[in-house]
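First to last, the protein sequences are chains Z, E, S and X. Take the first sequence: its position 324, counted from the start at 1, is 327 in the working numbering, and no numbers get skipped. Take the second sequence: its position 326, counted from the start at 1, is 329 in the working numbering, and no numbers get skipped. Take the third sequence: its position 175, counted from the start at 1, is 178 in the working numbering, and no numbers get skipped. Take the fourth sequence: its position 130, counted from the start at 1, is 133 in the working numbering, and no numbers get skipped. Every residue, glycine too, gets a C-beta built ideally from N, C-alpha and C. Model, not experiment: these values are computed from the prediction. Data block below; observations after.
There are 4 protein chains.
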Amino acid sequence: MSTRRFTSDDPELDRFYSDIAANDLQPLWEMRGLLTKTPSVATVPHRWSMSELVKLAAQSGDLVPIERGGDRRVLALSNPGLGGAPYISSTLWAAVQFLLPGELAPAHRHTPSALRFVLDGAGAYTVLDGDPVTMSQGDLILTPAWAFHEHHNPSSESMMWLDVLDLPIVAGLDAVFFEEGPSEEADRSQARRSASERRFGQGAGLMPATAGHGFLPEHSPLTVYRWLDTDAALTALLELTESGDASVRFKDPTRSRDVMPTLRCEMRRVLSGTTTAAERQTGSRVCAVFSGTGRVEIDDCEFDLGPGDIFVVPSWAVYRLHAHSDLDIFTTSDAPVLDALALYRDEKVEP
Amino acid sequence: MSTRRFTSDDPELDRFYSDIAANDLQPLWEMRGLLTKTPSVATVPHRWSMSELVKLAAQSGDLVPIERGGDRRVLALSNPGLGGAPYISSTLWAAVQFLLPGELAPAHRHTPSALRFVLDGAGAYTVLDGDPVTMSQGDLILTPAWAFHEHHNPSSESMMWLDVLDLPIVAGLDAVFFEEGPSEEADRSQARRSASERRFGQGAGLMPATAGHGFLPEHSPLTVYRWLDTDAALTALLELTESGDASVRFKDPTRSRDVMPTLRCEMRRVLSGTTTAAERQTGSRVCAVFSGTGRVEIDDCEFDLGPGDIFVVPSWAVYRLHAHSDLDIFTTSDAPVLDALALYRDEKVEP
Amino acid sequence: MSTRRFTSDDPELDRFYSDIAANDLQPLWEMRGLLTKTPSVATVPHRWSMSELVKLAAQSGDLVPIERGGDRRVLALSNPGLGGAPYISSTLWAAVQFLLPGELAPAHRHTPSALRFVLDGAGAYTVLDGDPVTMSQGDLILTPAWAFHEHHNPSSESMMWLDVLDLPIVAGLDAVFFEEGPSEEADRSQARRSASERRFGQGAGLMPATAGHGFLPEHSPLTVYRWLDTDAALTALLELTESGDASVRFKDPTRSRDVMPTLRCEMRRVLSGTTTAAERQTGSRVCAVFSGTGRVEIDDCEFDLGPGDIFVVPSWAVYRLHAHSDLDIFTTSDAPVLDALALYRDEKVEP
Amino acid sequence: MSTRRFTSDDPELDRFYSDIAANDLQPLWEMRGLLTKTPSVATVPHRWSMSELVKLAAQSGDLVPIERGGDRRVLALSNPGLGGAPYISSTLWAAVQFLLPGELAPAHRHTPSALRFVLDGAGAYTVLDGDPVTMSQGDLILTPAWAFHEHHNPSSESMMWLDVLDLPIVAGLDAVFFEEGPSEEADRSQARRSASERRFGQGAGLMPATAGHGFLPEHSPLTVYRWLDTDAALTALLELTESGDASVRFKDPTRSRDVMPTLRCEMRRVLSGTTTAAERQTGSRVCAVFSGTGRVEIDDCEFDLGPGDIFVVPSWAVYRLHAHSDLDIFTTSDAPVLDALALYRDEKVEP
């Protein structure tokens with residue numbers, strides 16, 4: 004008998020409960036909390052402070068050679084509400100990854116989708132299915148599902164970036180596949196601009212005339228979004244609004260959809276002195292402060308924010324920002340999953 | 004400290020592990036099994052036998068009045084691999100529901116999507132957002148996300164059906180919402196044919212000219228598929244194939260998609276004496292034998308099959324059927340979810 | 004000089020007009036009527052009476068062997084407003100086609116899409132890319148673009164049907180291609196039901212599980228819609244409305260779209276005594292009375308209607324029906340073209 | 004009798020032909036050329052030379068005040084094969100429009116879609132539904148269907164641009180609607196950058212997070228594509244190819260489609276010394292040399308090309324370019340129409 008055995012004071016009913024348990028059955032009428040008025044969420048609001056992360060990063064550089072036991076120097080952000088699971092929320096993995104000068108994280112691929120948002124440093128690059136993509140502060144780099152990827156740091160600077168993966172979702176769907184890359188080292192001849200950018204990263208709406216002939220990938224064929232462009236787009240949007248709060252969404256430039264099937268990415272700028280509208284949405288959000296200072300309210304929690312701080316907004320939690328100086332916040336969420344399954348809801352919340 | 008604390012024999016490293024745990028961080032390089040070559044699946048192959056279910060159903064009718072603590076007389080099929088969770092697989096809830104003569108399961112709605120496949124009986128009906136849908140053996144009835152639904156049995160016959168819900172998926176995405184229906188009893192004036200069938204259930208390709216003007220639901224507007232039609236469709240398909248194995252998929256007749264955003268439904272007929280090709284796919288499948296006898300192989304397990312038996316095929320498990328007499332098997336799966344997230348894979352497997 | 008030469012009383016301007024004409028140029032400022040407040044439509048409202056058509060059909064059967072000069076015994080309905088062009092409207096070809104007992108119209112294919120609506124008779128069949136489709140009164144049979152088609156009448160009855168093609172549109176786009184079929188005679192072994200119906204013509208929403216794997220045609224894979232189903236669908240729809248006016252649209256059952264990329268098909272039933280709402284839409288409509296009697300108003304024209312009568316409603320003309328007995332009217336239009344190009348408009352018109 | 008009357012030497016048949024003509028019918032078996040093996044195309048290959056256009060433009064500036072009889076100083080390119088119709092091909096209108104310093108072409112809107120490609124000059128602007136868009140050499144400016152548009156030239160320079168409209172298509176579908184704009188003069192306060200560009204014209208894939216909420220237009224919300232970006236995109240594409248021939252397609256940056264439902268726009272660069280592959284496609288193309296010199300072959304015609312020259316490639320005509328210096332050619336076509344109607348074909352042609 005491997006299922007849960009319910010009990011009852013009524014001996015006849017108790018015997019029945021024993022019989023059904025013996026048949027791997029459970030009585031619905033004894034269960035509580037399966038269907039709740041609003042989501043029952045284990046993930047709690049939390050913030051990781053960059054100053055701590057940087058201090059620990061330095062230590063990990065000394066203590067943990069990148070060869071040790073695995074091939075990424077990565078600290079996973081573990082949500083205090085999830086009972087020790089290495090996930091920042093019930094649906095997302097988030098971590099900070101460090102790459103010291105001269106280091107290389109060898110190639111592999113997996114069905115979970117990943118992204119890197121560069122918090123600090125420049126000069127490293129990621130090779131994506133053979134296409135080298137340089138990485139600099141503020142850039143968003145995609146490593147889509149099943150694309151081979153490896154990271155190099157030929158520079159003399161340390162790099163630190165935020166990794167976000169949809170790992171809990173893919174694992175929950177029993178769909179994790181993984182493969183090591185070819186053992187030979189990747190070509191280190193670093194192109195100035197990736198082929199992906201040359202083809203798909205030109206001006207808005209400018210596409211190779213031949214794009215779409217043949218195989219279309221399940222993700223954006225543009226695999227990097229540069230900070231310079233993001234910054235300019237935010238500036239232009241804020242010129243058109245009074246609210247002091249604007250968000251740019253990173254999209255597949257060839258089609259109307261998010262960058263990857265499971266992850267939505269946005270950069271938000273909240274101007275100094277602005278308090279944003281309180282709102283909530285289904286699905287969880289991982290946010291990284293790129294620059295600026297302020298304060299965030301998430302349900303009944305409040306956290307101070309400074310550059311590099313990372314926080315998580317659980318599903319259906321009320322979320323509001325106060326900017327003490329201009330705040331630039333990178334946000335990624337599982338919204339495309341909720342959208343695809345018709346489970347996405349959002350609403351403004353009156354204070 | 005609420006996260007998992009890793010340890011090390013190296014005192015310096017151990018101190019570091021203590022520090023990072025204090026900051027709700029975990030070291031990736033110490034983790035094992037996060038990314039596996041193929042899916043690491045807890046769900047095990049299993050079969051529930053109808054004879055047991057029927058026996059227990061009779062007992063539950065005596066012991067459990069439908070008012071008792073909940074409003075559905077439902078036995079949940081609990082997968083032995085899932086540590087007592089009331090789920091048939093990591094992603095699906097499945098149960099047998101009984102409705103005795105004269106009983107009524109009152110109205111409610113929820114964001115998990117549900118379906119009923121009638122295993123035995125006739126004469127009950129489900130009211131879906133005010134539209135009464137009769138239920139008979141072999142019919143598939145949808146209760147889509149957020150549609151009010153209630154079940155009535157005005158007949159003198161007991162009804163038994165298979166319930167399947169995407170509950171583990173919706174709960175895993177922290178997106179369960181639930182609402183009781185209006186307290187007044189539903190209109191029991193039972194129409195011969197639902198409005199849904201009159202509008203959308205006519206011949207293939209025949210739609211109201213006004214369909215699509217205005218709001219389009221996220222699910223099939225046709226909420227019932229009758230056994231008579233399913234049977235005829237299988238007969239016609241089998242005339243066109245040599246393999247003795249044909250499947251009809253239940254689809255939204257107004258658009259190219261599954262009946263609901265999370266659940267794929269098919270009826271499969273395997274002719275007597277046929278052994279099907281061995282195959283596997285990502286995502287889990289719940290199968291109910293509607294008629295016939297045979298045997299199923301799922302990875303290294305084998306089960307005999309007879310009418311009303313229910314079994315589960317875990318993600319990526321090799322699956323093969325042998326029909327001793329013509330086998331009609333209703334199958335539902337989470338394939339639309341895997342499809343939407345670009346995680347669907349399938350393959351034929353050489354014996 | 005091959006362009007139009009404009010003139011002017013101003014000699015200098017006149018000389019300029021001569022110069023520009025010599026360079027194949029025309030002055031916009033001298034043109035009138037290029038951009039009109041509402042469509043400037045040459046097609047006029049018109050009705051062809053079945054009694055005349057039948058009389059002429061009989062004569063054509065005597066006078067014109069089907070081998071004579073072409074391979075179809077077809078009378079094209081020529082709109083009186085189009086200056087002798089063989090088109091029923093600026094965008095549609097319509098004709099009545101007769102097939103006498105024992106006759107065969109040999110196979111060919113073309114890029115214009117065609118449909119047949121059977122006005123009278125039964126027992127003939129059309130072979131579509133090798134799949135024989137029987138034809139009976141009230142059936143709609145598609146002959147999609149570039150599908151080989153031939154017509155056989157092995158019965159002892161004469162057949163008469165309405166042909167509608169998008170020929171003016173395809174010719175206007177310089178995209179007509181045509182090919183004779185193989186010279187050997189088609190297999191006359193007539194199946195009871197076409198493969199198309201067996202695969203795609205079962206109950207609404209019932210599709211082969213394998214549909215969509217591989218090549219998807221640009222048109223409905225279901226190539227015939229039977230009168231029995233159409234009639235039942237109209238009856239069911241009218242039960243749900245008070246207006247005495249209902250329309251069934253023929254759609255691709257595998258996807259949300261019209262049967263072919265250029266032609267929309269509907270069957271409309273107006274109950275005896277009903278006057279429909281006056282409305283107009285862009286694009287032209289060809290209508291054939293399948294049964295019943297009544298009267299039609301199209302802008303300032305009025306025509307009596309009886310079984311087999313065919314009429315045309317020009318673009319943007321106000322259209323209204325009065326049913327003296329229950330009126331069943333088959334309608335086809337170019338609406339999918341206007342839809343696809345974002346040029347479709349419709350509106351109710353106050354009397 | 005308003006239809007064409009066919010005749011016959013056979014008196015009985017001749018009498019029949021008289022009868023059917025009296026009933027507005029025509030005999031298919033007497034018609035020739037309705038269905039041709041390949042498209043029967045009236046449009047002929049032709050080139051208009053910029054030197055002539057400029058000379059005539061100067062004259063028109065002197066002779067034709069912009070108030071005269073119309074409100075645009077436009078010379079329509081009239082294809083010599085079209086019997087004096089003011090169209091460059093059977094489906095497209097093309098013209099050169101001149102706007103002298105200080106001139107204003109007042110606001111109107113129409114269902115035909117239009118675009119402007121600036122051949123010469125800078126400093127004018129188009130106001131699109133209230134949004135002023137500056138115009139400079141090499142820019143592509145859209146004036147989508149039913150958008151109010153007006154043109155201003157506050158500069159001291161003359162402007163010349165190529166106008167292309169889908170007028171023959173929209174007129175052929177009896178769907179032309181037209182409306183004068185409000186009589187008050189538009190706001191001449193010219194913004195540095197249009198709102199359209201600030202919202203949708205940032206880097207590839209960078210969209211306002213709120214885009215797509217609410218009304219989605221039927222055309223690209225980005226209404227201008229700047230030469231600087233086009234040039235950079237061509238340069239980047241040519242770095243990735245060996246062929247010396249690359250084309251950028253202008254797309255709706257928010258969705259996967261052409262800029263407007265009827266018009267495809269591309270800029271092509273052929274490097275000096277390159278001869279392109281000979282190919283043909285259904286639908287007609289209008290091409291304007293932006294810079295460079297070369298030679299074009301279209302079926303059996305050949306034309307020398309220099310800056311500003313405009314030429315037309317008829318449907319299914321074999322087309323090949325030879326670049327004497329780097330050739331930049333702006334091309335627009337009706338390909339989205341042929342695509343939408345499943346009539347698009349193309350093929351490489353062996354020399």
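Subject >> Minimum Cβ-Cβ distance from S:F293 to chain E less than 8 angstroms >> reply: Not one chain E Cβ lies under 8 angstroms of S:F293.
Subject >> Spatially closest choice to S:H111 from S:L131, S:P317, S:T94, S:L103, by CA coordinates >> reply: Each of S:L131, S:P317, S:T94, S:L103 was checked against the Cα of S:H111, and the nearest Cα belongs to S:L131.
**OP:** Write down the C-beta distance between X:L122 and X:H154 rounded to the nearest angstrom, noting that I regard them as a contact closer than 8 angstroms.
**Re:** Their Cβ separation, rounded to whole angstroms, is 14 angstroms, which puts X:L122 and X:H154 out of contact at 8 angstroms.
Original post:
Cβ of Z:G204 less than 8 angstroms from any chain X Cβ?
Top reply: It does; some Cβ of chain X falls within 8 angstroms.
Subject >> Under 8 angstroms (Cβ pairs) to chain X, residues found in the region 232 to 261 of chain S >> reply: The residues in question: there are none.
Subject >> Under 9 angstroms from the C-beta of X:R356: neighbouring residues of chain S >> reply: There is simply no residue 356 of chain X to check, as chain X begins at 4 and stops at 354 in what is shown.
Original post:
In chain order, what residues of the same chain have a beta carbon less than 7 angstroms from the beta carbon of E:E33, not counting five sequence neighbours either side?
Top reply: Annotation for E:E33: F9 place their beta carbon closer than 7 angstroms to its own, counting only its chain and skipping 5 residues before and after.
**OP:** Establish whether the CB of X:G208 and some CB of chain Z are separated by less than 8 angstroms.
**Re:** True, the Cβ-Cβ gap to chain Z drops below 8 angstroms.
**OP:** Mind checking which residues open and close the alpha helix (DSSP H) that includes S:E55?
**Re:** Here the alpha helix (DSSP H) through S:E55 covers 53 to 66.
Original post:
In the structure shown, what three-state DSSP assignment does X:R75 receive?
Top reply: The three-state secondary structure of X:R75, taken from DSSP, is coil.
Original post:
Relative to the alpha-carbon of Z:L28, which residue among E:G87, E:P115, E:S43, E:T238 has its alpha-carbon at the smallest distance?
Top reply: Nearest option by C-alpha distance: E:G87.
Original post:
Would a check of beta-carbon distances place Z:V316 closer than 8 angstroms to chain E?
Top reply: Z:V316 does not count as touching chain E.
Subject >> Sequence-distant residues of its chain with Cβ nearer than 8 angstroms to X:R71 (five each side left out) >> reply: Note that X:R71 has pLDDT 46, beneath the 50 cutoff, so the model's placement of it is unreliable and the number below is only indicative. Shown here for X:R71: not one same chain residue has a beta carbon closer than 8 angstroms to its own, the five before and five after excluded.
Subject >> Spatial neighbours of X:Q284 in its chain, beta-carbon cut-off 6 angstroms, leaving aside the 5 residues before and after >> reply: If you ignore the 5 residues before and after X:Q284, its C-beta comes within less than 6 angstroms of the C-beta of D349, all in its own chain and listed in chain order.
Subject >> Contact the region 291 to 309 of chain E vs the region 35 to 44 of chain E: 3+ CB pairs below 8 angstroms >> reply: Result no; under three Cβ-Cβ pairs closer than 8 angstroms.
Original post:
Can we say the region 319 to 337 of chain X touches the region 296 to 304 of chain X, given the rule of at least three CB pairs closer than 8 angstroms?
Top reply: Contact holds: three or more Cβ-Cβ distances are below 8 angstroms.
Original post:
Taking Cβ-Cβ distances shorter than 9 angstroms, what residues in chain X pair up with Z:S223?
Top reply: Neighbourhood of Z:S223 in chain X, by CB distance below 9 angstroms: G208, in chain order.
Original post:
Along chain X, which residues have their Cβ under 7 angstroms away from the Cβ of S:M270?
Top reply: Simply none; closest approach about 24 angstroms.
**OP:** Use the C-beta contact count for E:E300: other C-beta atoms within 10 angstroms, 16 or more gives buried, fewer gives exposed.
**Re:** Its Cβ being crowded by 16 or more others within 10 Å, E:E300 is buried.
Original post:
By the criterion of Cβ-Cβ separation under 7 angstroms, what are the contact partners of X:A212 in chain Z?
Top reply: By Cβ distance, chain Z contributes S250, V251, R252, E269.
**OP:** Give every residue of the same chain whose Cβ lies closer than 6 angstroms to the Cβ of Z:T278, excluding the five residues on either side of it in the sequence, and list them in chain order.
**Re:** Excluding five sequence positions before and after Z:T278, the CB atoms of its chain that fall closer than 6 angstroms to its own CB belong to H325, given in chain order.
Original post:
So, is the C-beta of E:Y128 closer than 8 angstroms to a C-beta in chain S?
Top reply: No, E:Y128 lies away from the interface with chain S (no Cβ there is under 8 angstroms from its Cβ).
Original post:
How far does the alpha helix (DSSP H) with Z:S199 in it reach, from first residue to last?
Top reply: Counting along the chain, the unbroken alpha helix (DSSP H) around Z:S199 starts and ends at 198 to 203.
Original post:
By Cβ distance below 6 angstroms, which residues in the same chain neighbour Z:D261 in space, the five residues on each side in sequence not counted?
Top reply: Cβ neighbours of Z:D261 within its own chain (closer than 6 angstroms, five residues either side excluded): R267, P339.
Subject >> Cβ-Cβ separation, Z:M270 to Z:F333 (assumed contact under 8 angstroms), whole Å >> reply: Contact check for Z:F333 and Z:M270: beta-carbon distance about 6 angstroms, within the 8 angstroms limit, so the pair qualifies.
Original post:
Comparing the C-beta of E:H154 with each C-beta of chain Z, is any distance below 8 angstroms?
Top reply: Taking CB atoms only, E:H154 has no neighbour in chain Z less than 8 angstroms away.
**OP:** Just the chain Z side, please: which residues come within less than 8 angstroms of X:R201 by C-beta, in chain order?
**Re:** Against chain Z, a Cβ distance below 8 angstroms from X:R201 picks out A239, L240, E242, L243.
Subject >> Whole-angstrom C-beta distance between Z:L165 and Z:R119, which should lie under 8 angstroms >> reply: So it is a contact: roughly 7 angstroms between Cβ atoms.
Original post:
In chain order, what residues of the same chain lie with their CB nearer than 6 angstroms to the CB of X:E183, ignoring the 5 residues before and after it?
Top reply: Within the same chain, H111 come within 6 angstroms of X:E183 by CB-CB distance, once the 5 residues on both sides are set aside.
Subject >> Residue environment, E:V352, which counts as buried when at least 16 other CB atoms sit within 10 Å >> reply: Looking at its Cβ environment, which holds fewer than 16 other Cβ atoms inside 10 Å, E:V352 is exposed.
Original post:
Within the 8 angstroms Cβ cut-off, does S:Y228 reach chain E?
Top reply: True, the Cβ-Cβ gap to chain E drops below 8 angstroms.
**OP:** Reducing DSSP to helix, strand and coil, say where Z:I91 ends up.
**Re:** Residue state for Z:I91 is assigned as coil, using DSSP reduced to three classes.
**OP:** Could I get the ranges of all uninterrupted beta strand (DSSP E) runs contained in the region 93 to 143 of chain E, with 3 residues as the minimum, in chain order?
**Re:** Complete beta strand (DSSP E) runs here, min 3: 96 to 102, 107 to 113, 117 to 123, 125 to 131, 134 to 139.
**OP:** Can you say whether E:L145 is buried or exposed, counting buried as having 16 or more other CB atoms within 10 angstroms of its CB?
**Re:** Buried: at least 16 other Cβ atoms inside 10 Å.
Subject >> Bridge-paired residues (DSSP) for E:W355 >> reply: It is not possible to answer for residue 355 of chain E, since the shown part of chain E is limited to 4 through 354.
**OP:** Could you say which of Z:W149, Z:R7, Z:G175, Z:G124 lies nearest to E:P317 if we only look at CA atoms?
**Re:** For the set Z:W149, Z:R7, Z:G175, Z:G124, the Cα lying nearest the Cα of E:P317 is the one of Z:G175.
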